[in-house]
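In the numbering used here, the protein residues as written are 226 to 347.
Notes for the one structure printed next.
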Amino acid sequence: MSRIDDMIAEALSEEDRAIVEATAERGWFRLGADQFRGKLGWVTWVVMIVQTAMFIAAVWAGWHFFNATEVLLAVKWGISAGTLVIAALSMKLSLMPQIQADRILRELRRVELMLVKRDAAQ
226 MSRIDDMIAE
236 ALSEEDRAIV
246 EATAERGWFR
256 LGADQFRGKL
266 GWVTWVVMIV
276 QTAMFIAAVW
286 AGWHFFNATE
296 VLLAVKWGIS
306 AGTLVIAALS
316 MKLSLMPQIQ
326 ADRILRELRR
336 VELMLVKRDA
346 AQ
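In structure tokens form, the structure reads like this:
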């Protein structure tokens, strides 16, 4: 933690410390796991299930692509595999804006807590 975080933690009561711990900065893996909870967690589950199915289908199509003996079959399976991989990747990356929004909201809560504490001290 930074020096300002240490100073804030020392100045807070027990109740406020719990709020600070709840709004503490989290790593990428924790932020990603948090997407599966809450009122929009079901959306993340659906996206990940569909993305996984698309990836498995892409691997299957890729297998057929590499085993194709005719050019037309290779083109058919190659385009299918490439399209499925790109679609699966874009679905997974669609979760990143929500992770960033959660990070911003967490920081806003910290700033709000600091302002409330400053007003209480005056």
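Positions of the beta carbon are idealized from the N, C-alpha and C atoms, including for glycine.
None of the values given here were measured: they were computed from a predicted structure.
Beta carbon of ALA313, beta carbon of GLN347: below 7 Å?
Between ALA313 and GLN347, the C-beta spacing is not below 7 Å.
Short check: CB of ALA283 to CB of VAL310, under 7 Å?
yes
Counting only C-beta atoms, is TRP285 closer than 7 Å to chain D at any point?
Here chain D cannot be found, since the structure has a single protein chain.
Does PHE261 come out as helix, strand or coil in the three-state DSSP assignment?
Per DSSP, reduced to three states, the secondary structure at PHE261 is coil, with no helix or strand assignment.
Among VAL300, SER305, MET321, LYS317, nearest to ARG256 - alpha-carbon criterion
Checking the displayed sequence, the identity of residue 256 turns out to be Leu instead of Arg. Minimum Cα distance to LEU256 is reached at MET321.
Given a cut-off of 7 Å on the beta-carbon distance, is the pair SER315 and ALA286 in contact?
no
Simplified DSSP assignment, three categories, for SER319
coil
Would you mind working out which of ALA278, ALA249, ARG343 sits nearest ARG334, comparing C-alpha positions?
ALA249
Mind listing, in chain order, the continuous alpha helix (DSSP H) runs of no fewer than 4 residues lying wholly within the stretch 263-297?
266-292
Are PHE290 and ALA299 touching if we call contact CB-CB under 7 Å?
yes
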